[in-house]
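K.L.:
Number of protein chains: 2
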Amino acid sequence: MTASTLPPTGETLSYEQAGVNYDLIDPLKVAAQRAAAATAGHLSGHGFTEVKASRGESAYVVDVGPFYLASIVECLGSKALVADEMKALTGKSYYAGIAQDTIAMAVNDLITVGATPLVVQAYWAAGGSDWFGDAQRAQALVEGWKAACDTCKVAWGGGETPALAGIVEGGRIDLAASCTGIINPKSRLSVGDELGAGDAIVLLASSGIHANGLSLARKLAERLPQGYLTEIAPGLTYGDALLAPTALYSPVTEALAQAGVKVHYSANITGHGWRKLLRHPATLTYRINAIPAVPRVLSFIAEQANHDAREAYSTLNMGAGFALFVSQADAQRTVEIAQAQGIDAIIAGQVEAGAKQLLIEPIDVRFGDDDLQLR
Amino acid sequence: MTASTLPPTGETLSYEQAGVNYDLIDPLKVAAQRAAAATAGHLSGHGFTEVKASRGESAYVVDVGPFYLASIVECLGSKALVADEMKALTGKSYYAGIAQDTIAMAVNDLITVGATPLVVQAYWAAGGSDWFGDAQRAQALVEGWKAACDTCKVAWGGGETPALAGIVEGGRIDLAASCTGIINPKSRLSVGDELGAGDAIVLLASSGIHANGLSLARKLAERLPQGYLTEIAPGLTYGDALLAPTALYSPVTEALAQAGVKVHYSANITGHGWRKLLRHPATLTYRINAIPAVPRVLSFIAEQANHDAREAYSTLNMGAGFALFVSQADAQRTVEIAQAQGIDAIIAGQVEAGAKQLLIEPIDVRFGDDDLQLR
Numbered sequence: 001m002t003a004s005t006l007p008p009t010g011e012t013l014s015y016e017q018a019g020v021n022y023d024l025i026d027p028l029k030v031a032a033q034r035a036a037a038a039t040a041g042h043l044s045g046h047g048f049t050e051v052k053a054s055r056g057e058s059a060y061v062v063d064v065g066p067f068y069l070a071s072i073v074e075c076l077g078s079k080a081l082v083a084d085e086m087k088a089l090t091g092k093s094y095y096a097g098i099a100q101d102t103i104a105m106a107v108n109d110l111i112t113v114g115a116t117p118l119v120v121q122a123y124w125a126a127g128g129s130d131w132f133g134d135a136q137r138a139q140a141l142v143e144g145w146k147a148a149c150d151t152c153k154v155a156w157g158g159g160e161t162p163a164l165a166g167i168v169e170g171g172r173i174d175l176a177a178s179c180t181g182i183i184n185p186k187s188r189l190s191v192g193d194e195l196g197a198g199d200a201i202v203l204l205a206s207s208g209i210h211a212n213g214l215s216l217a218r219k220l221a222e223r224l225p226q227g228y229l230t231e232i233a234p235g236l237t238y239g240d241a242l243l244a245p246t247a248l249y250s251p252v253t254e255a256l257a258q259a260g261v262k263v264h265y266s267a268n269i270t271g272h273g274w275r276k277l278l279r280h281p282a283t284l285t286y287r288i289n290a291i292p293a294v295p296r297v298l299s300f301i302a303e304q305a306n307h308d309a310r311e312a313y314s315t316l317n318m319g320a321g322f323a324l325f326v327s328q329a330d331a332q333r334t335v336e337i338a339q340a341q342g343i344d345a346i347i348a349g350q351v352e353a354g355a356k357q358l359l360i361e362p363i364d365v366r367f368g369d370d371d372l373q374l375r
Numbered sequence: 001m002t003a004s005t006l007p008p009t010g011e012t013l014s015y016e017q018a019g020v021n022y023d024l025i026d027p028l029k030v031a032a033q034r035a036a037a038a039t040a041g042h043l044s045g046h047g048f049t050e051v052k053a054s055r056g057e058s059a060y061v062v063d064v065g066p067f068y069l070a071s072i073v074e075c076l077g078s079k080a081l082v083a084d085e086m087k088a089l090t091g092k093s094y095y096a097g098i099a100q101d102t103i104a105m106a107v108n109d110l111i112t113v114g115a116t117p118l119v120v121q122a123y124w125a126a127g128g129s130d131w132f133g134d135a136q137r138a139q140a141l142v143e144g145w146k147a148a149c150d151t152c153k154v155a156w157g158g159g160e161t162p163a164l165a166g167i168v169e170g171g172r173i174d175l176a177a178s179c180t181g182i183i184n185p186k187s188r189l190s191v192g193d194e195l196g197a198g199d200a201i202v203l204l205a206s207s208g209i210h211a212n213g214l215s216l217a218r219k220l221a222e223r224l225p226q227g228y229l230t231e232i233a234p235g236l237t238y239g240d241a242l243l244a245p246t247a248l249y250s251p252v253t254e255a256l257a258q259a260g261v262k263v264h265y266s267a268n269i270t271g272h273g274w275r276k277l278l279r280h281p282a283t284l285t286y287r288i289n290a291i292p293a294v295p296r297v298l299s300f301i302a303e304q305a306n307h308d309a310r311e312a313y314s315t316l317n318m319g320a321g322f323a324l325f326v327s328q329a330d331a332q333r334t335v336e337i338a339q340a341q342g343i344d345a346i347i348a349g350q351v352e353a354g355a356k357q358l359l360i361e362p363i364d365v366r367f368g369d370d371d372l373q374l375r
């Protein structure tokens, strides 16, 4: 997909127009990050220290002596609303996939720091007790949650199933997962110290939209005469395509560790799309000379939202769910190890000395330092 | 407070009438617990094992070699709705206290297994970006969160601040916390192996309703002509009393560990009130011969709901927020150590051989094994 193939089928719809206003959230985020950073000293009273470089990374890391401890809590977001709409339209329950999505949000972030996920906790906050009364849906949620734990080889420790009438909307559920893992041996820590010019960029295939960009995707459904039942490819509805569960990448990072491949840095490509490749604070150029195939659901969204390539790649994963930065010598083996775990992968480019920028050459798009402010 | 002092001021209001239907939640809980238990084997692939006795306890524990790892995610519940109502009535922001409540839900559960809390993650899911636009409220939430982390000597690792329009109600926020800790030395593990006849029961004072029983409390407010502004004691409104932040008990459990007091078992007294004292699966009798002072807000709720003593103690904490089971020889020292941390405490009774039951002698109430089905 290139910019020129995006027909102007309608008004351009930005992420903010789709209802998420980052300007309102960000001042709070900054205040919270400052306050959080000021609590790190408490660890010394217990004989431990934080890994300071993990502040601003996707998971928080503490040095507890024999290994590092990593932890995280992550929200599914609004994907469950699509599952609810599709259930009404088709009678099918999509909550097994939704469970996998929720775990993926936590696990795929936790592994970016080099952690092995060990324990997942479930946070299932329903709008009322009656949510749990739909046995088929509840069972799908349980089974999908367990299956995702099985794939990631994590123990499901327990969790919370509150009924929150008045906070969560009636008939809805707010899903999140917390995950705790360890970085063992400590040499697996990847918070960016080892990233450098010459590294290869390996991109792991996404399975679709994953669980980011759903606000936009839902807004677009409202514009379509057939909504979620619009056929976007033969036999594939927009709703079904959106609900493809998020790929779980921890089997790949664990297999890499077992094979002795050192990951210098990694990035989970979620909100902000490919701009996440600029996540590392160093001044480096990321040159991409090969891009993965774009899942039909993402090219469809880009078309319908009238996104040019720049906007599409800055919002959606466009076929790349996770980025691994490894030495050139390990690049091909990294691809093969991922494929052996059932995850397609390509050597997409390399890291170079130079200005902080991402150059996606096949589509002639450049993102600079100003395009990503995550920290 | 005894049963006979509870005047029949109105219709009796049970917890289920207040909107929480455990029958609908419980089948899901059972299915989830079974599926979760079946994932424990994954830990062996990483060289670790679960502490099986922690299944069904308040936090999940894994043996990672040099120490145990404990983790949890906990929801605040509906207490934020009271804060929102009181803000509308008084103009004050109560979110600093609400932040403490949320952390208390996680920390007070985590410590029951003997863990030192190390890292807290924030889960703040708002009904829309505009929730974060109220700078005073957002700032109070940040400051209260940090202050509670300071009290508990935990590092605030980070968290999630999603805007979930369509899932969380407009103007509301769904608050939760995840917490990870370690049990170090491993001898601090308290999942009940050491509980036995002869142990003393020490009860730590609650600061009010904490964050359990709020559905009932809110329902009662609707019946009161002056609602949350009803004076329940000179200069104290019902709303202000309800919003007293939950006591944080980890300073006590940490001080006990430092003083060499071995806790045989403990229970966080939340939902199900004093029936939580029956949490341990063993067949033992818990004989209470002294009860703590009942916070005015709890006696008021019991009066207004027309609860007799049995129902009040089976629903609310009635002045006891946390129970510690220690040897008789350590009982007085446990009380003194708690008081030195600013938490009032009493030696309330002892554990005896006999049928599984809780005898609260000062108010002539007995709970049997059938009265608590938590596992």
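Order-wise, the sequence lines are chains A and B.
First residue of the first sequence: 1, per full-length UniProt numbering; consecutive thereafter.
First residue of the second sequence: 1, per full-length UniProt numbering; consecutive thereafter.
Just so it is clear, CB atoms sit at the ideal spot from N, CA and C, and this is done for glycine as well.
#1: For residue 6(B), does the count of other Cβ atoms within 10 angstroms reach 16, so buried, or fall short, so exposed?
#2: Using only the alpha-carbon positions, how far apart do residue 229(B) and residue 244(B) sit?
#3: Considering only residues of the same chain and omitting the five flanking positions on each side of residue 369(A), which have a CB-CB separation below 6 Å?
#4: Using CA coordinates, which residue listed in 249(B), 307(B), 261(B), 88(B) is at the minimum distance from residue 188(B)?
#5: For residue 238(A), decide whether its Cβ has a neighbour in chain B, counting only Cβ atoms nearer than 8 Å.
#6: I want to verify the contact list: residues of chain A whose CB lies under 7 Å from the CB of residue 180(B), in sequence order.
#7: Quick one: list the residues of chain A neighbouring residue 78(B), beta-carbon separation under 8 Å, in chain order.
#8: Identify the contact partners of residue 189(B) in chain A, using a Cβ-Cβ distance below 7 Å as the criterion.
#9: For the region 114-134 of chain B against the region 169-187 of chain B, are there 3 or more C-beta pairs whose distance is under 8 Å?
#10: Straight-line CA distance for residue 240(A) to residue 53(A)?
#11: Cutting at 8 Å between CB atoms, please list the residues of its own chain near residue 320(B), excluding the five before and the five after it.
#12: Considering Cα atoms alone, identify which of 246(B), 167(B), 82(B), 208(B) is closest to residue 302(B).
#13: Identify the residues that DSSP records as bridge partners of residue 117(A): which are they?
#14: Is residue 382(A) close to chain B? Criterion is C-beta to C-beta, closer than 8 Å.
#15: For residue 161(B), return the contacting residues in chain A, with the cut-off set at a CB-CB distance below 8 Å.
#16: Could you give the first and the last residue of the continuous alpha helix (DSSP H) run that contains residue 57(B)?
#17: At which residues does the alpha helix (DSSP H) containing residue 145(A) begin and terminate?
#18: If you pair each beta-carbon of the region 146-163 of chain B with each one of the region 189-201 of chain A, do three or more pairs fall below 8 Å?
#19: Return the residue from the list 265(B), 287(B), 297(B), 247(B) that minimises the CA-CA distance to residue 235(B).
#20: What would DSSP say about residue 311(B), mapped onto helix, strand or coil?
#21: Quick one: list the residues of chain A neighbouring residue 35(B), beta-carbon separation under 8 Å, in chain order.
#22: Which parts of the UniProt domain "PurM-like C-terminal" (197-356) of chain B are runs of the beta strand (DSSP E), unbroken and 3 residues or longer, counting only runs that do not cross its ends?
#23: Around the Cβ of residue 361(A), are there at least 16 other Cβ atoms within 10 angstroms (buried) or fewer (exposed)?
#24: Does DSSP put residue 194(A) in a helix, in a strand, or in coil?
#25: Select from the region 35-49 of chain B all residues with a C-beta closer than 9 Å to any C-beta belonging to chain A, and list them in chain order.
#26: Could you confirm whether any beta carbon from chain B is found closer than 8 Å to the beta carbon of residue 336(A)?
#27: List the residues of chain B that residue 66(A) touches, going by C-beta distances under 8 Å, in chain order.
#28: Residue 366(A) to residue 318(A), Cα distance in whole Å?
#29: On the criterion of 16 or more Cβ atoms from any shown chain inside 10 Å, does residue 364(B) qualify as buried, or is it exposed?
#30: Are the C-beta atoms of residue 153(B) and some chain A residue less than 8 Å apart?
#31: Shorter than 8 Å from the beta carbon of residue 85(B) to some beta carbon of chain A?
#32: Can you tell me which of the three DSSP states residue 366(A) falls into?
#33: What are the start and end residues of the beta strand (DSSP E) that includes residue 169(B)?
#34: Smallest Cα separation from residue 78(B): which of 190(B), 351(B), 212(B), 97(B)?
P.N.:
Well, looking at it:
#1: Reliability fails at residue 6(B), whose pLDDT of 30 lies under 50, so the model's placement of it is uncertain and no value is given.
#2: Rounded to the nearest angstrom, the two C-alpha atoms are 15 Å apart.
#3: So the qualifying residues of the chain are 356.
#4: Its Cα nearest to that of residue 188(B), the residue 261(B) stands out among 249(B), 307(B), 261(B), 88(B).
#5: Among the residues facing chain B, residue 238(A) is not included, as its CB has no counterpart in that chain under 8 Å away.
#6: Result: 69, 71, 180.
#7: One finds 164, 165, 166, 167 in chain A with Cβ atoms closer than 8 Å to the Cβ of residue 78(B), taken in chain order.
#8: Residues of chain A passing the Cβ test: none, with the nearest at roughly 16 Å.
#9: A contact between stretches requires three or more CB pairs, one per stretch, nearer than 8 Å, and the region 114-134 of chain B meets this requirement with the region 169-187 of chain B.
#10: Put simply, the backbone Cα of residue 240(A) is about 39 Å away from that of residue 53(A).
#11: If we look at residue 320(B) and ignore the five residues flanking it on each side, its Cβ neighbours are 203, 204, 205, 206, 269, 274, 291, 292, 348.
#12: Residue 302(B) has its Cα closest to that of 208(B), out of 246(B), 167(B), 82(B), 208(B).
#13: Paired residues: 181(A).
#14: With chain A covering 1 to 375 only, the question about residue 382(A) has no answer from this structure.
#15: Result: 25, 28, 29, 32.
#16: Annotation for residue 57(B): no alpha helix (DSSP H) segment contains it, and DSSP assigns it neither H nor E.
#17: Looking at the DSSP string, the run of the alpha helix (DSSP H) that includes residue 145(A) is 135-152.
#18: Contact fails between the region 146-163 of chain B and the region 189-201 of chain A, because fewer than three Cβ pairs, one in each stretch, are under 8 Å apart.
#19: Answer by Cα proximity: 297(B).
#20: Helix, per DSSP.
#21: Proximity of chain A to residue 35(B) at the Cβ level (cut-off 8 Å) is accounted for by 142, 143, 145, 146, 156, in chain order.
#22: As summarised for the UniProt domain "PurM-like C-terminal" (197-356) of chain B, the continuous beta strand (DSSP E) elements at least 3 residues long and confined to that stretch are 200-205, 231-233, 265-268, 284-288, 320-326, 345-353, given in chain order.
#23: Flag for residue 361(A) reads exposed.
#24: In this structure, DSSP gives residue 194(A) a state outside helix and strand, which the three-state scheme calls coil.
#25: Here the close residues are 35, 36, 37, 38, 39, 40, 41, 42, 43, 45, 46, 47, 48.
#26: Taking a beta-carbon distance threshold of 8 Å, residue 336(A) does not count as an interface residue toward chain B.
#27: Those within 8 Å of residue 66(A) in chain B are 65, 66.
#28: Straight across, the Cα-Cα distance linking residue 366(A) with residue 318(A) is about 15 Å.
#29: A residue is called buried when at least 16 other Cβ atoms come within 10 angstroms of its Cβ; residue 364(B) does not meet this threshold and is exposed.
#30: For residue 153(B), the answer is yes, since a Cβ of chain A falls inside 8 Å of its Cβ.
#31: No, its Cβ sits nowhere closer than 8 Å to a Cβ of chain A.
#32: Here residue 366(A) sits in strand by DSSP.
#33: Premise fails: residue 169(B) is in no beta strand (DSSP E) and is neither H nor E.
#34: For residue 78(B), the nearest C-alpha among the options comes from 212(B).
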